[in-house]
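Notes follow once the structure below has been shown.
Number of protein chains: 2
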Amino acid sequence: MPSYTAPIKDMQFILHDVLNVSEDSTPGYADLDADFTSAILEEAGKVASEVLSPLNVVGDTEGCVLENGVVRTPTGFKDAFEQIKAGGWPGIDLPEEFGGQNMPYIMYTAVGETSSAANQAFTMYQGLTHGAASAILVHGSDEQKATYLHKMTSCEWTGTMNLTEPHCGTDLGLMRTKAEPQGDGSYKITGQKIFISAGEHDMAENIIHLVLAKIPGGPEGIKGVSLFIVPKFIVNEDGSLGERNGVSCGKIEEKMGIHGNSTCVMNYDEATGYLLGEEHKGMRAMFTMMNEARIGVGMQGLAQAEVAYQNALEYAKDRLQGRAVTGDENPDGPADPLIVHPDIRRSLMDQKSFVEGGRAFLLWGSKMIDQSHRGGDEAAEGLVSLLTPVIKGFLTDEGYDMTVLAQQVYGGHGYIEEWGMSQFTRDARIAMIYEGANGVQALDLVGRKLATDGGKPIMAFFDMIKSFIKENEGDEALKADFLDPLKEASKHLQASGMYFMQNGMKNPNAALSGSYDFMHLFGHVCLGLMWAQMAKAAQAALDGGASDTQFYETKIATGRYYMKRRLPATALHLARIETGADPVMALEAGQF
Amino acid sequence: MPSYTAPIKDMQFILHDVLNVSEDSTPGYADLDADFTSAILEEAGKVASEVLSPLNVVGDTEGCVLENGVVRTPTGFKDAFEQIKAGGWPGIDLPEEFGGQNMPYIMYTAVGETSSAANQAFTMYQGLTHGAASAILVHGSDEQKATYLHKMTSCEWTGTMNLTEPHCGTDLGLMRTKAEPQGDGSYKITGQKIFISAGEHDMAENIIHLVLAKIPGGPEGIKGVSLFIVPKFIVNEDGSLGERNGVSCGKIEEKMGIHGNSTCVMNYDEATGYLLGEEHKGMRAMFTMMNEARIGVGMQGLAQAEVAYQNALEYAKDRLQGRAVTGDENPDGPADPLIVHPDIRRSLMDQKSFVEGGRAFLLWGSKMIDQSHRGGDEAAEGLVSLLTPVIKGFLTDEGYDMTVLAQQVYGGHGYIEEWGMSQFTRDARIAMIYEGANGVQALDLVGRKLATDGGKPIMAFFDMIKSFIKENEGDEALKADFLDPLKEASKHLQASGMYFMQNGMKNPNAALSGSYDFMHLFGHVCLGLMWAQMAKAAQAALDGGASDTQFYETKIATGRYYMKRRLPATALHLARIETGADPVMALEAGQF
């Protein structure tokens, strides 16, 4: 049975040594002193390790069961959900007026990593609710907020997002679900939605579905899509639950992983719905939430990599197999532990340097969300918007690969379900797909985000790297091990951008053929930047006489590994990008 | 439901245009004219598509069930196995004197790809039998051959390989299973073996287990391991089945994939066993089979990539989603097919260029097995021995990645089990682990194979590339698109080898830290060589007035893609290798 321990020390290091959150002027950040964040993370970590982690395999094994329209969640999920609610975890960053704790989003992300690592399928029930509540918070009328937000903040009622239909996922303009106005301000919603996570279950009194649908007579395609609130039980004026609405779960999908979450086919049969936001502006309403939701999925990729790494590391230390080529390291035992072998080290260092760098990237992104939402900082808004597809695409692709590496450390024991390593891989796989498949993230990055606002955000990103290098190049060790490689990688990113500018105008395919490589190139540069910043912070702590020298020295050595062995991938991505559209588009469809 | 069509045209191209098998002097190759191989492959392809492929999902869904010591295989497996036996497929390359058809191993591989692609879990029952029969063929006494080989050639009896124990997989010296001599030439085998594929099932009258065990009083560790034949039912002198032996299946493992194959815990309780080969020379006997077995696993990686690619391609042509950025390509439809999008193309081209290049690599390796075993060609033996870990490690790692890419083409539909794409990924995952985990392949390659015979095989490999380039550099198109990139990649491989030589002596970790990168670098160079040869052959066919110009033109364009977009990975691998042991081994185990 795998275990999980929240990486609190690492989170604290990033929050306080690297991002210096409590010194930041963003509203709410002054409260985030080290004692406070430590207390929160300790408590969250306890819930993750003791309540959620033990249910992870249970959820995978039992899955969700649909019987007579009712979905039964796995044994123990309901109790655990009650504990989560009692602890006030679902609403830690939601407004106090609706029962939340109004903490910054960065704390929601840090806490979210712990529960997602411990039990991704379980955590999705709250995650979806959080997304739906956020949408109502931004786009809802006062009455809608009053009706739904208290109960959703506490997760007494949960939420869902209904976008996909059988014939359309990415291309939502093809949507068929209809919303007929009833003249009383309500609509009758009819249609079928698929892949609805947490669409039906037994852990909440009510489920508030947010549903995209078309009002007949509206504009064609994506411009005619509106967003509706469709509660499972209609809410009476006094807040009590009224009649059952015309929405039901038709089927639960069998999936590769996240079995503990009910992925539902939802049938809407003249269900009563209420417009959320404006008519035909449904996509805009959805997109408001997109950065947060996508960063949340990037977090899932990182979280599965972290828990898989923890268990791979433990196994590598415990399992005795073979002898170190440089001489026995466990001479009294029958063999040396796996961790003596260089190729196992390579795997563990790949994992370690990814999860620590990825965590910094994720929390930095979350900080920018706060700077934008709480601080009204438009530059942060622009930059996080640019980086969101990178956070989502890079962290989930790499996160998945890391779970595969972790599984491999176990040899045959990684393939059987008994040790739990297969589940991390199977669960992590979905994060590359949902909330916009990673190819769509790459398209969003290259096709939209790069050119946003005349390229201001990407220029700001390069300026930031340049300034950081300039400010610190007097430190010779930092320069050689971190700044020089970062500069090189950053040049590759700039050259790619230049290639897109020069060639994408004539032939958009020349840019889009390299979009996936660009997303990964960008991700590596971001992790390179994170590692340079972390190395600087770690050295500063050592220079300042920090007592835990091993932690900081390990941090610097891990960063060096990333700079030397992972970051050089940028050159390969650039080389691929510069081959343009010709190799990729050489064949006619019929030639395949 | 996914489908499968054997890529016969591509196989024929490799066999006859590239490898020119029927003109080769290897015994048995003169029979392999195009009509003959086509007839065999057509028939095999039919069995794969019509008999095995439809059972793939069934096997995954039902799995194997252990009840009262009896293992029930999935519905339809037994009937299909009868059809396979009736067709004589299991023994196509085994000697005629035991009922086989004595075809070259290259035909066994080509046919094996079709059945493995159609149903990997099913195909393993025959694959394991083939391996066990081969061991008896090489190491068995005449009596043992007479007793077992007829029935195993036909698969009336199946076989297994018993190596792993709970506490040891790679490090078999730790083995505890004991073999007590009984004075009558037989032994009593006692111990527990795990991960025994096809260990128990209901498709054969008898199961012949090959079991590694230690004879008490023998040498310590790996040098005291012997190999035994342990039949499920003792075979009487007249060939009839006698009493049930003391071997039983204690458990079937729950696994990530290959559910249709029974992965058993096998308990040996004073089971009667017969020494196969010499006392204490069990590992040598096992290793005789190793090249073939590992090439067979490389084939599995390729096969899953092929079937996943076929289905991804079909979906990409069918599924309408979004519009081509260069203008509508399906103006009368609601959207364009996925295949118009550059990032989908990138994915499909990655897959296509891998499976076609990998197939050539695999069949070339199989040809060298024939040249060695049938032709007594020592140079071929040396080269295929060197390349075996590359075939196994590279084709299974890349093959797995390709199934993940193929799954991604389906978006959310790739994650649910309904479309079958998840199964390809889950099934492909095991090939990276069994028959020596890929890290062990890399260790074998760098730690043993490179230095074998004073480095003769690797020098022969480089000479071969050099000669090929020299012979063909007059062809300008070939030179620019294929030979120059191949030369560059080959230099990276040479530089890596040089780095290992110069640094590995002082510090073996300096070589072993780069072993995994070296295996992949080597794999890319091999596929680069295959693509250069295929491009040459395709151009020759075009120049010779071949009627199917589209096939050959597509071949060349696909090769160009590989050379331009995949082969440059060699530079990254070299860069990593040249960082040596320092970054990889920087941390003490306790620092993780």
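Protein sequences, first through last, are from chains X and V.
Per numbering that gives the first Met the number 0, residue 0 is the first one in the first sequence, and the count goes up by one each step.
Per numbering that gives the first Met the number 0, residue 0 is the first one in the second sequence, and the count goes up by one each step.
Cβ atoms here follow ideal geometry from the backbone N, Cα and C, with glycine treated the same way.
I'd like the list of long-range same chain contacts for residue i, defined as Cβ closer than 6 Å, with 5 residues on each side in sequence excluded.
i	result
V/T128	M151, C154, T157 and G158
V/L31	V20 and S21
V/N329	D335
V/E252	T262
X/D92	M102, Y104 and Y107
Counting only beta-carbon atoms, is residue i nearer than 8 Å to chain V?
i	result
X/Y433	yes
X/E416	yes
X/C63	no
X/R243	no
X/R358	no
X/Y551	no
X/D170	yes
X/C248	no
X/S133	no
X/P567	yes
Compare the C-alpha of residue i against each of the options and name the closest.
i	options	result
X/T553	X/G543, X/Q538 and X/H149	X/Q538
V/L600	V/R373, V/L274, V/M401 and V/E204	Nothing can be reported for residue 600 of chain V, as the shown portion of chain V is limited to 0 through 591.
V/H523	V/K563, V/G503 and V/F499	V/K563
X/R425	X/L54, X/T146, X/I257 and X/E328	X/I257
V/I482	V/G435, V/L566 and V/F227	According to the sequence shown, residue 482 of chain V is Leu rather than Ile. Checked all of V/G435, V/L566 and V/F227; the closest Cα to V/L482 is V/L566.
V/Q370	V/V17, V/D23, V/L14 and V/P1	V/D23
V/H208	V/I214, V/P215 and V/H200	V/H200
V/V264	V/G220, V/G190 and V/E277	V/G190
V/M160	V/Q143, V/G198 and V/P1	V/G198
V/V324	X/G68, X/G503 and X/T74	X/G503
X/I228	X/G473, X/E219 and X/L275	X/L275
V/A568	V/P507, V/K490, V/Q549 and V/G579	V/K490
For chain X, check one thing: does any of its Cβ atoms lie closer than 8 Å to the Cβ of residue i?
i	result
V/T451	no
V/F499	no
V/N310	no
V/A5	no
V/P341	yes
V/A270	no
V/R447	no
V/E219	no
Hey, is residue i's beta-carbon within less than 8 Å of any beta-carbon in chain C?
i	result
X/G295	The chain inventory of the structure shown lacks chain C, comprising the protein chains X and V.
For the putative contact between residue i and residue j, defined by C-beta atoms under 8 Å, what is the C-beta separation to the nearest angstrom?
i	j	result
V/V56	V/Q406	With 8 Å as the limit, V/V56 and V/Q406 do not qualify as a contact, their Cβ atoms being about 15 Å apart.
V/A79	V/L40	Actually they do not touch by this definition, with Cβ atoms about 19 Å apart.
X/A311	X/L226	The Cβ separation is near 42 Å, so there is no contact.
X/T395	X/G496	So it is not a contact: roughly 23 Å between Cβ atoms.
V/A38	V/H15	Contact doesn't hold; Cβ gap of about 13 Å is too wide.
Excluding the 5 residues preceding and the 5 following residue i in the sequence, name in chain order all residues of the same chain whose CB lies nearer than 7 Å to its CB.
i	result
X/D9	E355 and R358
X/P6	E305
V/M511	Per the sequence shown, residue 511 of chain V should be read as Leu rather than Met. Excluding residues within five positions, the ones whose Cβ falls inside 7 Å are L442, V445 and G446.
V/F343	The amino acid at residue 343 of chain V is misidentified as Phe; the sequence shows Ile. A315, L337 and V408, listed in sequence order.
V/H149	F97 and G98
X/L526	G356, G357, F360 and Y561
X/K222	H279
V/G58	P73, F76, N118, A120, F121, H258 and G259
Among residues of its own chain, excluding the 5 on either side of residue i, which ones have a beta-carbon nearer than 8 Å to its beta-carbon?
i	result
V/L477	N471, A531, A534, K535 and Q538
X/L385	L444, K448, L449, T451, P456, I457 and F460
Query - Three or more C-beta pairs below 8 Å linking the segment 286-300 of chain V and the segment 387-402 of chain V - result: yes
Report task. Kindly confirm or deny that the segment 268-276 of chain X and the segment 176-190 of chain X touch, where touching means at least three C-beta pairs closer than 8 Å. Result -> yes
Query raised in the report: Is the segment 129-140 of chain X touching the segment 162-179 of chain X in the sense that three or more CB pairs, one from each, lie closer than 8 Å?
Result: no
Query raised in the report: Would you call the segment 112-130 of chain V and the segment 161-176 of chain V in contact, with 3 or more CB pairs under 8 Å?
Result: no
Query raised in the report: For the 8 Å Cβ check, are there 3 or more pairs between the segment 450-460 of chain V and the segment 374-384 of chain V?
Result: yes
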